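Enquirer:
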Amino acid sequence: MNRAAVVAGIGSCLPARSVSNAELTTRLDTTDEWIRSRTGISTRRYADQGSATSDLAVGAGAQALKSAGQTSVDVVVVATTTPDRPCPGTAPLVASQLGMTGVAAFDVAAVCTGFLYGLANAAGLIAAGTASSALVIGAETFSSILNPDDRATSVIFGDGAGAVVLRAGDPEEAGALGPCDLGSDGEGQDLITVRAGGSRQRLSGKAPEPGDEYFSMAGKEVFWRAVRRMTESCRAVLDATGTAIGEVDALVGHQANQRILASLADSLGLPRERCLGNLAEVGNTAAASIPLALDHAHANGELRAGQRVLLTAFGGGLTWGSTVLTWPVLSRA
Ligand code: COA
14 MNRAAVVAGI
24 GSCLPARSVS
34 NAELTTRLDT
44 TDEWIRSRTG
54 ISTRRYADQG
64 SATSDLAVGA
74 GAQALKSAGQ
84 TSVDVVVVAT
94 TTPDRPCPGT
104 APLVASQLGM
114 TGVAAFDVAA
124 VCTGFLYGLA
134 NAAGLIAAGT
144 ASSALVIGAE
154 TFSSILNPDD
164 RATSVIFGDG
174 AGAVVLRAGD
184 PEEAGALGPC
194 DLGSDGEGQD
204 LITVRAGGSR
214 QRLSGKAPEP
224 GDEYFSMAGK
234 EVFWRAVRRM
244 TESCRAVLDA
254 TGTAIGEVDA
264 LVGHQANQRI
274 LASLADSLGL
284 PRERCLGNLA
294 EVGNTAAASI
304 PLALDHAHAN
314 GELRAGQRVL
324 LTAFGGGLTW
334 GSTVLTWPVL
344 SRA
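Residue numbers 14 to 346, in the numbering used here, belong to the letters of the sequence shown in order.
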């Protein structure tokens, strides 16, 4: 029998500081009406100076472990665009802080698709028998790389973390991850980027070109690519599993923009009300967005055991990915 990776626990963590659209209008040339109507976002959370991505990851990971009734796993994967440091990865620190010194731990860098790439990696380790359980965390302190003067990105992104525990199980049981569709297009690397600080534009002792140390996104160019790639990717996993779109009870897409999610639902032929998410309250939290949306939808009862759930994301790289599962019975931490 093939070993599947089965979702066994879920958790999330948000920093305390809430930043409303109204607060952003005090320092940026923008309006609450523009932000709500163009993105669907009302507020987002920012971590305080001095707290880092690992702090949020540990909070979400601890909840997910508790929800799964476990104190340890064989591998910890942290998907993030905003690691605590450029080197080393954040996952070993997170594993140690969760009391798991000694287990395998590594980061995944696929920007907003990072959590789905992390799930696919962990599911592969479980299928191969290398691991019997995994903690997959999407965590971001995106506020640390936002250009405070760039209204186009500052209004969109926020901080947070979400996590799931996976265990080895039967492909037919609820919670088993279906096949993952993953893709990339490096020709689009400049569309979503932090230009300086890597080996291409080195910071060794010099100041970066103005703005290059910050995250930038060509939003308009990215918008329709996001809709097209997520549509194709969703169709690939639906085809691979013989699932008709009408059988999908919930779509949890990357929480980038409400208009993107509406266009995605329309192009898949899915009623828009089946799109679940928390974009209005947390903004775009990049790699954290899908597990954070899943945890909130599970907590508020929108996501129920037995429902067929389609997950899809698109992000920098460019990267995209999707998978499908039947939502299992999970306890809340
Ligand atoms: N407040 C007010 N006006 C703003 C603004 C803001 N915060 N941000 C941009 N604008 C302005 C622009 O300057 C532009 O003005 P102009 O017409 O005078 O040039 C106008 O609004 C329209 O800008 P545009 O970029 O075309 O807006 P948009 O409707 O495409 O929305 C995004 C911008 C970023 C919200 C949207 O493009 C988006 O969500 N893109 C995709 C994001 C994504 O999927 N990323 C991948 C994963 S993270």
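Ideal placement from N, C-alpha and C gives every residue a C-beta, glycine not left out.
Nothing here was measured: the structure is a model prediction, and the numbers come from that model.
1. Which residue's Cα is closest to the Cα of serine 157: Ala176, Thr206, Phe228?
2. Please classify aspartate 252: does DSSP put it in a helix, a strand, or coil?
3. Do the segment 245-256 and the segment 161-179 make contact, defined as three or more Cβ pairs closer than 8 Å?
4. Quick check on this structure: which residue in Arg51, Ala189, Ala70 has the alpha carbon closest to the alpha carbon of alanine 60?
5. Cβ of lysine 79 versus every heavy atom of the ligand COA: is any distance shorter than 7 Å?
6. Determine the burial state of tryptophan 237: buried for a count of at least 16 other Cβ atoms within 10 Å of its Cβ, exposed for fewer.
7. Contact check, alanine 65 vs valine 89 under 8 Å by CB: the rounded distance?
8. Please state if the CB of glutamine 268 and the CB of leucine 283 are separated by a distance shorter than 8 Å.
9. Helix, strand or coil for aspartate 194? Go by DSSP, reduced to three states.
10. If you measure between the beta carbons of valine 250 and valine 322, is that distance less than 8 Å?
11. CB valine 124 to CB isoleucine 54, shorter than 8 Å?
12. Thinking just about the alpha-carbon of each residue, which of Leu179, Gly232, Lys233 is nearest to the one in proline 341?
13. Alpha carbon to alpha carbon, what distance is there between glutamine 214 and glutamate 153?
14. Tell me whether tryptophan 333 sits in a helix, a strand or coil according to DSSP, three-state version.
15. Could you check what DSSP says for aspartate 120 in three-state terms: helix, strand or coil?
16. Would you mind listing the beta strand (DSSP E) stretches within the segment 88-167 that are 3+ residues and don't spill past its ends, in chain order?
17. Grab me the residues of serine 280's own chain with a C-beta within less than 7 Å of its C-beta, minus the 5 sequence neighbours each way, in chain order.
18. Could you check the C-alpha separation between valine 86 and alanine 77 for me, to the nearest Å?
19. Helix, strand or coil for alanine 231 per DSSP?
20. So, leucine 331 versus alanine 306, is the Cβ gap smaller than 8 Å?
21. Considering only residues of the same chain and omitting the five flanking positions on each side of glycine 328, which have a CB-CB separation below 6 Å?
22. If you draw a straight line from the C-alpha of isoleucine 139 to the C-alpha of cysteine 26, how long is it?
23. Below 8 Å on the Cβ atoms is my contact criterion, and I expect leucine 324 with leucine 195 to pass it. Report the Cβ-Cβ distance as a whole number of Å.
24. Would the C-beta of phenylalanine 327 count as close to the ligand COA, meaning under 7 Å from any of its heavy atoms?
25. Along the chain, where does the alpha helix (DSSP H) that runs through isoleucine 273 open and close?
26. So, with DSSP's three-state summary, where would you put threonine 56?
27. Is asparagine 24 helix, strand or coil when you go by DSSP?
28. Mapping the DSSP letters down to three states, classify leucine 204 as helix, strand or coil.
29. Using the beta-carbon count (16 or more within 10 Å), is glycine 296 buried or exposed?
30. Between which residues of its own chain and leucine 216 is the CB-CB distance below 7 Å, once the five residues before and five after are set aside?
31. With a threshold of 7 Å (Cβ to nearest heavy atom), would asparagine 297 be considered close to the ligand COA?
32. Considering only heavy atoms of the ligand COA, does any lie closer than 7 Å to the CB of asparagine 270?
33. To the nearest angstrom, report how far apart glutamine 271 and leucine 106 are at their CA atoms.
Expert: Quick answer:
1. When each option's Cα is compared against that of serine 157, the closest is Phe228.
2. If DSSP states are grouped into helix, strand and coil, aspartate 252 belongs with the helices.
3. No: fewer than three Cβ pairs fall under 8 Å.
4. When only C-alpha atoms are compared, the closest one is Ala70.
5. No, the ligand COA has no heavy atom inside 7 Å of this Cβ.
6. With a 10 Å radius around the Cβ and a threshold of 16 neighbouring Cβ atoms, tryptophan 237 comes out exposed.
7. So it is not a contact: roughly 16 Å between Cβ atoms.
8. No.
9. Taken through DSSP and simplified to helix, strand or coil, aspartate 194 comes out as strand.
10. It is not a contact, given that the beta carbons lie outside the stated cut-off.
11. Contact check for valine 124 against isoleucine 54 fails: the beta carbons are separated by 8 Å or more.
12. Checked all of Leu179, Gly232, Lys233; the closest Cα to proline 341 is Leu179.
13. Cα-Cα distance, rounded: 23 Å.
14. In the structure shown, tryptophan 333 adopts extended strand secondary structure according to DSSP, grouped into three states.
15. Here aspartate 120 sits in strand by DSSP.
16. Secondary structure within the segment 88-167: the beta strand (DSSP E) runs of 3 or more consecutive residues, fully enclosed, are 88-92, 117-121, 146-153 (chain order).
17. So the list reads Val240, Thr244, once near-sequence residues are dropped.
18. So the two alpha carbons sit approximately 11 Å from each other.
19. Residue state, collapsed to three classes: coil.
20. No; because the gap between Cβ atoms is not below 8 Å, this pair is not in contact.
21. Here the set comprises Val124, Cys125, Thr126.
22. In a straight line, the C-alpha of isoleucine 139 is about 26 Å away from that of cysteine 26.
23. Actually they are not in contact, since the Cβ atoms of leucine 324 and leucine 195 sit about 12 Å apart, beyond 8 Å.
24. Set against 7 Å, the gap from the CB of phenylalanine 327 to the closest heavy atom of the ligand COA is smaller.
25. Here the alpha helix (DSSP H) through isoleucine 273 covers 271-281.
26. Strand at threonine 56.
27. Asparagine is not the amino acid found at residue 24; the sequence shown has glycine there. DSSP, read as helix, strand or coil, puts glycine 24 in strand.
28. Correct three-state label for leucine 204: helix.
29. Buried.
30. Result list for leucine 216: Ala209, Gly210, in chain order.
31. In this structure, asparagine 297 has its beta carbon less than 7 Å from a heavy atom of the ligand COA.
32. The answer is yes for asparagine 270.
33. Computed Cα separation, rounded: 34 Å.
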